[in-house]
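Asker: Protein sequences, first through last, are from chains A and B. Take the first sequence: its position 180, counting from 1, is numbered 180 in this note's numbering, and each next residue is one higher. Numbers given in this note's numbering equal positions in the second sequence, counted from 1, plus 318. No residue lacks a Cβ here, since even glycine has one placed at the ideal position from N, Cα and C. Below you'll find the structure I mean.
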Amino acid sequence: MQTVVIAIATMMAVASAVVAGSLMVAAAAPFDHAFAKQRGAHLTAQFDPARVSTAELAATRKLDGVTASAGPYSSTSFRPVDQTGFRLPTMTLVGRSGADSAVDRVEMKSGRWVQEPGEIVLSTSFEGPGTEIGSILKSTSGTASAPALKVVGFALSTSKTADSWATPAQVEAVASQGHSVTYQMLYRFDSAATKHQILADRMQLDSVTGSAALLGTRSWLDTKREADQGAAATVPFVMAFGVLGIVMSVITVSSVISGAVGVGLRRIGILKALGFTPREIVRAYVAQAMVPAVTGIILGVLMGNVLAVPMLADAESV
Amino acid sequence: MHQVIELERVAKRYDSADTPALGPLTLSVARGEALAVTGPSGSGKSTLLNLVAGLDKPTDGAVIVAGRRIDQLSQHALATFRRAHIGMAFQFFNLLDDLTVCDNIQLPAQLTGTRRRDSASRAGELMEMLGIQKHARAYPGRLSGGERQRVGVARALINRPELLLADEPTGALDTASGHDVRDLLMDLHRGGQTIVLVTHDLSLAETVASRTIHLIDGHLARDTHAQASRRACSAPAR
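Pasting the structure below:
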């Protein structure tokens, strides 16, 4: 009976500690974890197609300090209307044939990626009434020829490189309704930890494409600052929950151990009187208490990880 | 006569105490003797037993058991010595509840490296002698107090120790079970077993022991050898 109690108590305590510890780690820097996981873009740059060629953009990939890049993706801005006639906020639409990429591995949260023109994937921040999977958005209001876009999925870009994604051809079709098209390039640099480093990286791009071609950039530091401000209110609570979980685990394990030692002391006294050497007593005690404890720890680590995965997924969305 | 126990000016003082818990005490116990140690609580009875068992070390003096000076042995050597030469029976039996009666009895034999078959045979012999063979596969929790004490005594005797130490062996038993254990100890004494019996029960001491020492405040207050004739008359027939 004691063996089972030790195993179960240890398992539950370790599982709680793993979940709590994982939450604390995730909550300590949710943006950084998600950014690293998606290989987020240090710099998102918009280029004027009229002033830069794709060859010139390709040349930017080989600049000193560029460790990875993606694009050029055709990009435009538009303000879609849902089936009820409600106008959604202006959103950036980027043409990408897949969610995966060397930079900014967009994570599907539901549905699937676009496969053909007429489909659109929205950022999870646009999920709500009127924009469910299967619903239809019109690219502009009041125009009979406006392309209809069927929502096929919701995705998350930690770098916030776009609000929505469609096939490259679809972006061209939307842009033909009176919106301008730009080229979007995504870069990762070996030095991008400070504002000055990002600025130096941007100046390198300027030197290849010319400043007139570079319409605008967005630094990952700005995106991080916004994300951290958004998470600031919840982080203390998550951290407190994590600390509480670990404290409870320590108390539980301590109680189990002190209980086992209490019972064990009587047993140790008996074994000593019977002629067990100190080493034999340790061996007997280890067999009695450590085997279920180690079993509990192993099961607890497994259970903790299983429980922590969905929680961490949520934390990374912060 | 060969001495099984020799205490030479043995004293035991605990850290915080002003006066020693025991001694200095000089005492010899001969082979085959049944010594009862009596005295009020705190008189040093348990301290004396622990020193003889090697569970505690004296502050001064020498403790010689079965010809070995045990107060100078290491913990490991002491444990090895204890399992071979000393059997102990306790007031609250101290059986391991998760082992069967038979396994409890065989435990000390396994420590000495006795083959399982031999220890099982010896355990069977003891269980038959003590009338508990029908409980061989039972767990201690299902036995009466008297039966549990018999198991404790069987366990103490499994390695044929030169010395049996019994600490208040009837202290936790009802009258009938107490008489059972008393008779058992008398039988063992008759069979030549050297016994040191610590007890509050003067009638038990008088019935079982061939000699009684009375301790007061750690000192020997009285040392009485029972007359052989009285013992012979008063010993109940079994």
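Go ahead and pull the three-state DSSP assignment for residue 196/A.
Answerer: helix
Asker: List the DSSP bridge partners of residue 356/B.
Answerer: 532/B
Asker: Determine whether the Cβ of residue 445/B lies closer than 9 Å to any Cβ atom of chain A.
Answerer: no
Asker: Looking at the structure shown, is residue 56/A part of a helix, part of a strand, or coil, going by DSSP?
Answerer: helix
Asker: Using a Cβ-Cβ distance cut-off of 9 Å, determine whether residue 295/A contacts chain B.
Answerer: No - not a single Cβ of chain B is within 9 Å of the one on residue 295/A.
Asker: Quick one: which chain B residues come within Cβ less than 7 Å of residue 270/A?
Answerer: 412 and 414
Asker: Return the chain-ordered list of same chain residues with a C-beta closer than 6 Å to the C-beta of residue 498/B, the five sequence neighbours on each side being excluded.
Answerer: 464
Asker: What are the start and end residues of the alpha helix (DSSP H) that includes residue 465/B?
Answerer: 463 to 475
Asker: Keeping to the same chain, check which residues put their C-beta closer than 7 Å to that of residue 401/B; ignore five residues upstream and five downstream.
Answerer: 426, 429, 430 and 477
Asker: Please list the segments of the alpha helix (DSSP H) lying wholly inside the segment 201 to 279 of chain A, counting only runs of 4 or more residues, in order along the chain.
Answerer: 220 to 231 and 235 to 274
Asker: Assign residue 518/B to one of three DSSP states: helix, strand, or coil.
Answerer: Of the three classes helix, strand and coil, the one that applies to residue 518/B here is coil, per DSSP.
Asker: Could you check whether residue 362/B and residue 341/B sit closer than 9 Å to each other, using their CB atoms as the reference points?
Answerer: yes
Asker: For the segment 523 to 530 of chain B and the segment 353 to 371 of chain B, state whether three or more C-beta atom pairs, one from each stretch, are separated by less than 8 Å.
Answerer: yes
Asker: Is the beta carbon of residue 488/B closer than 9 Å to that of residue 454/B?
Answerer: no
Asker: Are the segment 44 to 58 of chain A and the segment 278 to 288 of chain A in contact at 8 Å, needing three or more beta carbon pairs?
Answerer: no
Asker: In chain B, which residues lie with their C-beta within 9 Å of the C-beta of residue 283/A?
Answerer: Chain B residues near residue 283/A: none, gap ~12 Å exceeds 9 Å.
Asker: Should residue 99/A and residue 249/A be called a contact, given that it needs their Cβ atoms to be closer than 9 Å?
Answerer: no
Asker: Within the 9 Å Cβ cut-off, does residue 473/B reach chain A?
Answerer: Put simply, the CB of residue 473/B is near chain A, with a gap under 9 Å to one of its CB atoms.
Asker: Which chain A residues sit within Cβ distance under 9 Å of residue 371/B?
Answerer: 273
Asker: When burial is assigned at 16 or more other CB atoms within 10 Å of the CB, is residue 459/B buried or exposed?
Answerer: exposed
Asker: Below 7 Å on C-beta distance, what does residue 292/A contact in chain B?
Answerer: The premise fails here: residue 292/A is roughly 13 Å from chain B at the closest Cβ pair, so nothing lies under 7 Å.
Asker: Could you check what DSSP says for residue 386/B in three-state terms: helix, strand or coil?
Answerer: strand
Asker: For residue 354/B, would you say it is in contact with chain A, using Cβ-to-Cβ distances shorter than 9 Å as the test?
Answerer: The C-beta of residue 354/B comes no closer than 9 Å to any C-beta of chain A.
Asker: Quick one: grab the DSSP three-state call for residue 293/A.
Answerer: In this structure, residue 293/A counts as helix in the three-state DSSP scheme.
Asker: If residue 345/B sits next to residue 372/B, beta carbons under 8 Å apart, how far is it from one beta carbon to the other, in whole angstroms?
Answerer: 16 Å between Cβ atoms; not a contact.
Asker: Counting only runs of 4+ residues fully inside the segment 372 to 435 of chain B, write out the alpha helix (DSSP H) ranges in chain order.
Answerer: 393 to 403 and 419 to 429
Asker: Run down chain A in chain order and give the residues with a C-beta less than 8 Å from the C-beta of residue 393/B.
Answerer: Neighbours of residue 393/B across chain A, judged by C-beta separation under 8 Å: 277 and 278.
Asker: Residues of chain A with CB closer than 8 Å to the CB of residue 426/B, please, in chain order.
Answerer: 274 and 275
Asker: Show which residues of chain A have a CB atom less than 8 Å away from the CB atom of residue 279/B.
Answerer: A question about residue 279/B goes unanswered here, because the residues of chain B that appear run from 319 up to 556.
Asker: Is the CB-CB distance between residue 486/B and residue 518/B below 9 Å?
Answerer: yes
Asker: Please report the straight-line C-alpha distance between residue 337/B and residue 331/B, rounded to a whole angstrom.
Answerer: 7 Å
Asker: Are the Cβ atoms of residue 133/A and residue 153/A separated by less than 9 Å?
Answerer: yes
Asker: For residue 401/B, would you say it is in contact with chain A, using Cβ-to-Cβ distances shorter than 9 Å as the test?
Answerer: yes
Asker: Please report how far the alpha carbon of residue 483/B lies from the alpha carbon of residue 335/B, in whole angstroms.
Answerer: 26 Å
Asker: Could you tell me if residue 174/A is buried or exposed, where buried requires 16 or more neighbouring beta carbons within 10 angstroms of its beta carbon?
Answerer: buried
Asker: Output, in chain order, the set of chain A residues within a Cβ distance shorter than 7 Å of residue 406/B.
Answerer: 273
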